[in-house]
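Here the structure is laid out as structure tokens; the discussion comes afterwards.
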Amino acid sequence: MAETLQFFFSGLTVGAVYALVALGFTLIYNASDVINFAQGEFVMLGGMTTVFLALAGVPVPLAALAAVAVTVAVGLALHRFAIEPARGASAVALIMITIGASIFLRGAAQVVFDKRFHSLPHPFGTEPIPVGGAAILPQSLVVLAGAVVIVVLLWQFIDRTLLGKAVIATAANRLAARLVGIDTRRIVGLSFAVSAAIGAIAGILVTPITLTSYDVGSLLALKGFAAAMLGGIGSAVGAVLGGLLLGMLEAFSAGYISSKYKDAVAFLVILAVLLAMPQGLLGRGKVERV
Amino acid sequence: MNTLKRTAAAAAIGFAALIAGGDHASAQVKIGAVLSVTGPASFLGDPEKKTLEMYVEEINRKGGVNGQKLQLVVYDDGGDANNARTFATRLVEEDKIAAMIGGTTTGSTLAMIPVFEEAQIPFISLAGAIQIVEPVRKWVFKTPHTDKMACEKIFADLKRRDLTRIALISGTEAFSKSMRDQCVAVAPKAGITILHEESYGPRDSDMTPQLTNIRNKAGVQAVVNPGFGQGPAIVTRNYRQLGIALPLYQSHGVASKQFIELAGPAAEGVRLPAAALLVADKLADNDPQKPVVVNYSRAYLNKTGQTVSTFGGHAYDGLMILVGAMERAKGADKAKVRDEIERTKGYVGTGGIVNMSQADHMGLDLSAFRMLEIKNGDWTLVPDSSS
Numbered sequence: 000m001a002e003t004l005q006f007f008f009s010g011l012t013v014g015a016v017y018a019l020v021a022l023g024f025t026l027i028y029n030a031s032d033v034i035n036f037a038q039g040e041f042v043m044l045g046g047m048t049t050v051f052l053a054l055a056g057v058p059v060p061l062a063a064l065a066a067v068a069v070t071v072a073v074g075l076a077l078h079r080f081a082i083e084p085a086r087g088a089s090a091v092a093l094i095m096i097t098i099g100a101s102i103f104l105r106g107a108a109q110v111v112f113d114k115r116f117h118s119l120p121h122p123f124g125t126e127p128i129p130v131g132g133a134a135i136l137p138q139s140l141v142v143l144a145g146a147v148v149i150v151v152l153l154w155q156f157i158d159r160t161l162l163g164k165a166v167i168a169t170a171a172n173r174l175a176a177r178l179v180g181i182d183t184r185r186i187v188g189l190s191f192a193v194s195a196a197i198g199a200i201a202g203i204l205v206t207p208i209t210l211t212s213y214d215v216g217s218l219l220a221l222k223g224f225a226a227a228m229l230g231g232i233g234s235a236v237g238a239v240l241g242g243l244l245l246g247m248l249e250a251f252s253a254g255y256i257s258s259k260y261k262d263a264v265a266f267l268v269i270l271a272v273l274l275a276m277p278q279g280l281l282g283r284g285k286v287e288r289v
Numbered sequence: 000m001n002t003l004k005r006t007a008a009a010a011a012i013g014f015a016a017l018i019a020g021g022d023h024a025s026a027q028v029k030i031g032a033v034l035s036v037t038g039p040a041s042f043l044g045d046p047e048k049k050t051l052e053m054y055v056e057e058i059n060r061k062g063g064v065n066g067q068k069l070q071l072v073v074y075d076d077g078g079d080a081n082n083a084r085t086f087a088t089r090l091v092e093e094d095k096i097a098a099m100i101g102g103t104t105t106g107s108t109l110a111m112i113p114v115f116e117e118a119q120i121p122f123i124s125l126a127g128a129i130q131i132v133e134p135v136r137k138w139v140f141k142t143p144h145t146d147k148m149a150c151e152k153i154f155a156d157l158k159r160r161d162l163t164r165i166a167l168i169s170g171t172e173a174f175s176k177s178m179r180d181q182c183v184a185v186a187p188k189a190g191i192t193i194l195h196e197e198s199y200g201p202r203d204s205d206m207t208p209q210l211t212n213i214r215n216k217a218g219v220q221a222v223v224n225p226g227f228g229q230g231p232a233i234v235t236r237n238y239r240q241l242g243i244a245l246p247l248y249q250s251h252g253v254a255s256k257q258f259i260e261l262a263g264p265a266a267e268g269v270r271l272p273a274a275a276l277l278v279a280d281k282l283a284d285n286d287p288q289k290p291v292v293v294n295y296s297r298a299y300l301n302k303t304g305q306t307v308s309t310f311g312g313h314a315y316d317g318l319m320i321l322v323g324a325m326e327r328a329k330g331a332d333k334a335k336v337r338d339e340i341e342r343t344k345g346y347v348g349t350g351g352i353v354n355m356s357q358a359d360h361m362g363l364d365l366s367a368f369r370m371l372e373i374k375n376g377d378w379t380l381v382p383d384s385s386s
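Order-wise, the sequence lines are chains A and B.
According to numbering that gives the first Met the number 0, the first sequence is numbered sequentially starting from 0.
According to numbering that gives the first Met the number 0, the second sequence is numbered sequentially starting from 0.
Here it is as structure tokens:
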């Protein structure tokens, strides 16, 4: 029983990390149909900038705020200088641009930061919380709470504000959105800024658990993307659900089947789910625009 | 003033020689190096490159080897063995090098071996795996200790503490896999029984399920973690999170201050084998390696502002063994230099005391490794005789 609980906690920890990363994909996808493969680099930038500012003597909370600001600036620059000039291009071309941007950001981070692994202090200590013979770190709960807060804020933003409605409108039909007076360029730019902020926050929160380095983004993005697809891309709740599910799958297959095949098991399940439900668990069915 | 003029004149001559260098390659000895300066193995390749550049500069400042200046030609393979092979061919055909140092990773080294074997150029690798020098290849040498030695060192320490039944948890990337295989292979001879095995991916962020299974396995007396990168730090943290009280052994793959920083207080009591370089300031004054490792650590710190890693030390040893061989061969003749590298005896380097022979192209024994224990966030030496 204790071990089942421990596997569950492990799944929760890893799943919360994936969920936070997966959340970053949703907004840009919603606004522009683009899957931003530089999302992992936003995560990396958030973590690395905080680490390096903290090393330079800036208090961690302040460093974290600055890191979010820096990442948002990078997100805006990515939109302004790479996505915006190619606005006529298809979503696939734009996705390729984001892949290029991700490689560029990773390279730049090697030069600006360094090539080592770094960590951040746990704000609530490293003393594990014992529950029924199993143990969970406080930071896992922090990450989980972060994911929940972001989901609630995103939902409030999309459903309750005019700006949020404008994002939905832009996603539904860009021309129509423009006709009713929405500045779609600004909306897509906004979605990049907010996604960058989500990525940066994710990076800062998960760094005490996963550690960080210049190339942490690629694998986190892959897992986060898988989680987003599993949950239904574009749905914030789906992203969290997908992330947690992926984490659980990995933890339980590592615990009960074999640690060698845990990734294989996890991806097999994802494949099976996507075969049965191509939209993901909570994805909205794609309405063909005529 | 006078010296300044002379320096200027020398510089001018040097410059002229450099420009004319294409035609008069014999005025300089070209040493090739293919290193993984960028990419996943960059934290190995980067200090290697800095070390080689630093010491080639110093050797040239002191007049070179046998009166000839060294010219270092470095290519960055980015951790990709295919690139390494291409660069190796370029070094042979275009740069026409006299000797070769490098191959940061085992993959790159194995890819380049056929090129240098065919061209008959002495090749000193900086990569870990034992396959590089076993079976012995005529032109290939290496400076780093092997995974097998690390396993033997760990097992010897376990044996001394009378802990013979262990569990292994290892990463799935090349380094960990290779070391895991070596550990499994030498365990029976060392009198160690491996009761249980687990693995984790190179970017996994939580290993508590694997460690829970190890904890629940009856009879396990110690845990060994062949690993590399950030994985072992997470294993160590999770180990304490689960409150496992068994002794934990890490490998030389994480023997750097960074591991202690990443694992934090969880690293207390962890033991691992490492090169003397890591504990330069803690070695006894009569330790033969002390002067070498202290000098190299200081020089590297002054030049780069970074603390040393054993990887840069491997490059230092490679260069010094090569230079020693060239001095004894009184020239850069490839066959003679190769013979002299093979005759290297009693070279005291950062990685240990090197005694090469026809049958041993690495020349290190178990004394090259020191068993360390992490106490109060720092390394302490575990004496060889006590438990």
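Idealized CB from N, CA, C, for every residue including glycine.
Since the model is a prediction, treat every value here as computed from it, not as a measurement.
- chain B partners of A250 (chain A), CB-CB under 9 Å? Neighbours of A250 (chain A) on chain B, chain order: D205, T207, P208.
- Item | Span separating the alpha-carbon of A63 (chain A) from that of A126 (chain B) | In a straight line, the C-alpha of A63 (chain A) is about 38 Å away from that of A126 (chain B).
- Which residue from A:G242, A:S101, A:L52, A:M247 puts its Cα closest to that of F112 (chain A)? A:L52
- Query: Should E92 (chain B) be labelled buried (16 or more other beta-carbon atoms within 10 Å of its own) or exposed?
  - Reply: Under a 10 Å Cβ-count criterion, E92 (chain B) is classified as exposed, with fewer than 16 other Cβ atoms of the shown protein chains found around its own Cβ.
- Query: So what does DSSP say about D76 (chain B), is it helix, strand or coil?
  - Reply: coil
- Query: Rounded to a whole number of angstroms, what is the C-alpha to C-alpha distance between V272 (chain A) and L19 (chain A)?
  - Reply: 21 Å
- Report the three-state DSSP secondary structure of D22 (chain B) (helix, strand or coil). Caution is warranted here: a pLDDT of 42 is assigned to D22 (chain B), below 50, making its placement in the model unreliable, and the coordinate value is therefore given only provisionally. Coil, per DSSP.
- Message: Can you pull the chain A neighbours of S202 (chain B), defined as C-beta to C-beta under 7 Å?
- Response: The identity of residue 202 (chain B) in the sequence shown is Arg, whereas the question assumes Ser. Residues of chain A passing the Cβ test: L218.
- Message: My assumption, with CB atoms under 8 Å, is that T169 (chain A) sits in contact with A30 (chain A). Please give the rounded CB distance.
- Response: 5 Å
- Message: Does any residue of chain B have a CB that is nearer than 8 Å to the CB of G254 (chain A)?
- Response: yes
- Message: For a quick check, are the C-beta atoms of L44 (chain A) and V69 (chain A) less than 8 Å apart?
- Response: Yes, the Cβ-Cβ distance between L44 (chain A) and V69 (chain A) is below 8 Å.
- Query: Below 8 Å between beta carbons: does that hold for A80 (chain B) and G44 (chain B)?
  - Reply: no
- Item | Under the three-state DSSP convention, the category I135 (chain A) falls into | In the structure shown, the three-state DSSP call for I135 (chain A) is strand.
- Item | 8 Å contact criterion, which A149 (chain B) and S250 (chain B) should meet: CB distance rounded | 5 Å
- Beta-carbon proximity of A100 (chain A) to L77 (chain A), cut-off 8 Å: Cβ distance < 8 Å, so A100 (chain A) and L77 (chain A) count as in contact.
- In angstroms, rounded to a whole number, what distance separates the CA positions of Q119 (chain B) and G31 (chain B)? 14 Å
- Take every Cβ of the segment 265 to 284 of chain B, pair it with every Cβ of the segment 136 to 153 of chain B, and state whether three or more of those distances are shorter than 8 Å. yes
- Message: Just to check my reading of the structure: T142 (chain B) and D286 (chain B) have Cβ atoms closer than 8 Å, yes? What is that Cβ distance to the nearest angstrom?
- Response: At roughly 19 Å, the Cβ-Cβ gap does not stay under 8 Å, so T142 (chain B) and D286 (chain B) are not in contact.
- Item | Where D338 (chain B) sits in the DSSP three-state scheme | helix
- Please report the Cβ distance between F116 (chain A) and Q257 (chain B), rounded to the nearest whole angstrom; I am assuming they are in contact, meaning their Cβ atoms lie under 8 Å. 6 Å
- Message: Along the segment 157 to 177 of chain A, where does the CB come closer than 8 Å to a CB of chain B? Name the residues.
- Response: Correct list: empty, as no residue qualifies.
- If I'm right that V205 (chain A) touches V142 (chain A) with Cβ under 8 Å, what's the distance once you round it to whole angstroms? 6 Å
- Query: So the alpha helix (DSSP H) Y315 (chain B) belongs to, where does it begin and stop?
  - Reply: 309 to 328
- Message: Looking at chain B, is there any beta carbon in it that lies within less than 8 Å of the beta carbon of F6 (chain A)?
- Response: yes
- Any 3 or more C-beta pairs closer than 8 Å across the segment 205 to 219 of chain B and the segment 0 to 10 of chain A: yes
- Item | Any chain B beta carbon closer than 8 Å to F116 (chain A) | So yes, F116 (chain A) belongs to the interface.
- Message: With three or more beta-carbon pairs closer than 8 Å as the criterion, would you say the segment 115 to 134 of chain A touches the segment 217 to 231 of chain A?
- Response: no
- Task: With 8 Å as the threshold, decide whether the Cβ of P127 (chain A) is near any Cβ in chain B.
- Result: yes
- Query: For the alpha helix (DSSP H) that Y28 (chain A) lies in, which residues bound it at each end?
  - Reply: 1 to 31
- Going along the chain, which residues of the segment 41 to 52 of chain B sit with their C-beta nearer than 7 Å to a C-beta in chain A? S41, F42, D45
- Cut-off 8 Å between Cβ atoms - residues of its own chain near L189 (chain A), not counting five sequence neighbours on either side: A30, L162, V166
- Item | Alpha-carbon to alpha-carbon, R337 (chain B) and M325 (chain B) | 9 Å
- Item | Residues near A367 (chain B) by beta carbon distance below 8 Å, same chain, minus five either side | Same-chain partners within the cutoff: H144, M148, A274, A275, G350, G351, I352.
- Specify whether the segment 66 to 86 of chain B and the segment 123 to 139 of chain B touch according to this definition: at least 3 beta carbon pairs, one from each stretch, less than 8 Å apart. no
- Note down the Cα distance separating T211 (chain A) from G46 (chain A), rounded to an integer number of angstroms. 6 Å
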